[in-house]
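Residue numbers (my numbering): 55 to 252.
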């Protein structure tokens with residue numbers, strides 16, 4: 055355990071110059087912080103053990119980069135590296151799955167038809183109605199629907215799935231919601247105009 059700031063600075067100097075035991079002592083002394091810090095990222099695609107391991111990688115990297123002469127505590131500097139390592143791992147874990155181009159075209163047609171029919175009918179169209187409009191078998195419509203989901207409830211929980219979880223609607227500010235609504239209105243207007251001039 056590191057007892058004072060001078061001991062931390064000395065360890066940091068040695069760690070920066072390649073002294074592995076000094077770096078290990080810095081990492082070990084700050085391991086509790088990493089565990090507490092990465093817990094906030096649980097439920098986003100990686101389990102706690104993975105998050106701790108990734109956070110420790112960030113901590114190790116910080117030992118090589120930290121300049122103790124700047125008068126900042128090591129952990130104040132290291133938190134940035136821990137956060138970057140975790141966010142990068144989460145981003146890589148949750149990348150969007152892309153589907154083939156031929157399926158992409160059918161999804162675009164499906165989305166366009168669903169939007170126009172929904173506006174025309176005042177409700178979400180059935181698979182049979184979409185199949186008729188697109189002149190495709192109902193099975194193709196079902197496949198397209200599986201690839202493209204257009205409805206997201208603002209009341210659905212987004213964190214743990216229980217009743218006490220925050221909802222998407224609670225997370226979005228009024229400004230963000232108005233931007234989304236404006237964008238949706240613009241898309242509907244364009245689709246309506248496109249339909250008129252076909």
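Using N, Cα and C, we set each Cβ at its ideal position, and we do this for glycine too.
Alpha carbon of residue 129 to alpha carbon of residue 146, nearest angstrom: The residue labelled residue 129 in the question sits at position 75 within the chain shown. The residue labelled residue 146 in the question sits at position 92 within the chain shown. One C-alpha to the other measures close to 25 Å.
Inter-stretch contact at 8 Å, needing at least 3 Cβ pairs: the region 84-101 / the region 136-144: yes
Outcome for residue 88 when other beta-carbon atoms lying within 10 angstroms are tallied against a minimum of 16: To locate residue 88, count along the chain shown from 1; it is residue 34. Per the 10 Å Cβ criterion, buried.
Reduced DSSP secondary structure (H/G/I, E/B, other) of residue 173: Position 119 of the chain shown, counted from the first residue, corresponds to residue 173. Reduced to three states, the DSSP call for residue 173 is helix.
For residue 113 and residue 92, believed in contact at Cβ under 8 Å, the rounded distance: By one-based count along the chain shown, residue 92 stands at place 38. By one-based count along the chain shown, residue 113 stands at place 59. Between residue 113 and residue 92 the Cβ distance is about 11 Å, and since that is not below 8 Å, they are no contact.
Continuous alpha helix (DSSP H) stretch holding residue 126: start and end: The sequence position of residue 126 within the chain shown is 72, counting from 1. Note, residue 126: premise wrong, no alpha helix (DSSP H); not H, not E.
Cβ-heavy atom distance, residue 190 to the ligand NAD, below 8 Å: Because no ligand of any kind appears in the structure shown, any question about the ligand NAD cannot be addressed here.
Residue of 124, 136 and 126 minimising C-alpha distance to residue 116: Residue mapping note: residue 116 aligns to position 62 of the chain shown, counting from 1. When each option's Cα is compared against that of residue 116, the closest is 136.
For residue 69 and residue 80, believed in contact at Cβ under 8 Å, the rounded distance: By 1-based counting over the chain shown, the position of residue 80 is 26. By 1-based counting over the chain shown, the position of residue 69 is 15. Confirmed, about 6 Å.
C-alpha distance - residue 193 paired with residue 131, whole-angstrom precision: Taking the first residue of the chain shown as position 1, residue 193 is located at position 139. Taking the first residue of the chain shown as position 1, residue 131 is located at position 77. About 56 Å.
Residue 109 versus 144, 124 and 122, residue with shortest Cα-Cα distance: Numbered from its first residue, the chain shown carries residue 109 at position 55. If we check each option's Cα against that of residue 109, 144 comes out closest.
C-beta contact flag for residue 163 and residue 198 at 9 Å: The count along the chain shown starts at 1 and reaches residue 163 at position 109. The count along the chain shown starts at 1 and reaches residue 198 at position 144. Against a cut-off of 9 Å, the Cβ pair of residue 198 and residue 163 comes out as a contact.
Rounded straight-line distance, which links the Cα of residue 182 to that of residue 191: Along the chain shown, read from residue 1 onward, the residue named residue 191 stands at position 137. Along the chain shown, read from residue 1 onward, the residue named residue 182 stands at position 128. Going by the C-alpha atoms only, they are around 8 Å apart.
Rounded distance between the beta-carbons of residue 66 and residue 122, thought under 8 Å: On the chain shown, residue 122 is found 68 positions in, with the first residue counted as 1. On the chain shown, residue 66 is found 12 positions in, with the first residue counted as 1. The pair is a contact, with the Cβ atoms about 4 Å apart (cut-off 8 Å).
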